[in-house]
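See structure below.
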Amino acid sequence: MSQSVQELIAEAGERGLAASALACLDRCLPLLGPAPDDLLRPLWRCVAEGGADWAGRLGEVRAALEETDDADSAVLVRKMLGAAPSEWDGAALRAWASGCSLTALELHEQLGGGPLVDAEERRQVQILEFLADTPSDGPPAGLRPVLEVSAEGRRVLRAVVSRRERGA
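The letter at position 69 of the sequence shown is residue 79 when you use the working numbering, and the numbering goes up by one with no holes.
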């Protein structure tokens, strides 16, 4: 039987924690309106490099997010990024990953309930399980499956947001 998201977060290393939180944030980008898909690229690069220049790259992304939508869901997405620790520290990254997980699930619940939430939870588990099997000093290409899962979730959420806008 698969472990829960919170159990996997409790066991994850720094790289897995940062990638897990970042993937949750990445999948919620459609809630920011027309935010570019590569908005988080500096942070993904940092995760691939084991935390190199985390604070600097975090500042870049936060500055870029200031120019996005102010809808209620966008505020929650900005809070996810705002909660990111400035230091590449296991305890702080664990708290961030846990908070991002819960916020992403809450946002998916608001947008579509059951099936959407279940799919988001499966993606979170899939990413954490993959990262648990990947050495933290492995090559940056080791994050490719994480990025693919995240991109799939972003496409799903973008479709839900689009459908809601057309129906409103």
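Glycine included, every Cβ here is placed at the ideal spot set by N, Cα and C.
This one's a predicted model, so the numbers in the text were calculated from it and none came from an experiment.
Taking C-beta atoms as the reference points, A28 and V57 count as a pair closer than 7 Å. In the three-state scheme derived from DSSP, where H, G and I count as helix and E and B as strand, S14 is classed as coil. Burial is judged here by how many other beta carbons sit within 10 angstroms of a residue's own beta carbon; A101 has fewer than 16 and is exposed. Around the C-beta of V85, fewer than 16 other C-beta atoms lie within 10 Å, and the residue is accordingly described as exposed. Inside the region 84-143, DSSP marks whole alpha helix (DSSP H) runs of 4 or more residues at positions 100-122, 124-142, from first to last along the chain.
Under the three-state reduction of DSSP, E21 is assigned to helix.
For G69, the enclosing alpha helix (DSSP H) covers residues 64-75.
Of the other Cβ atoms in all chains shown, fewer than 16 fall within 10 Å of the Cβ of A65; this residue is therefore exposed. For A169, the enclosing alpha helix (DSSP H) stretches over residues 154-177. Only residues of its own chain outside the window of five on either side were considered, and among them A58 have a CB closer than 6 Å to the CB of L153, listed in chain order. By the 16-neighbour rule on beta-carbons within 10 angstroms, D48 is exposed. Beta-carbon to beta-carbon, L167 and C34 are separated by about 11 Å, too far to satisfy the 8 Å threshold.
For K89, same chain residues with a beta-carbon under 8 Å away, outside a window of 5 residues either side, are T113 in chain order.
Note on geometry: alpha-carbon atoms of D82 and R72 lie some 18 Å from one another. DSSP, reduced to helix, strand and coil, places D36 within a helical segment of the structure shown.
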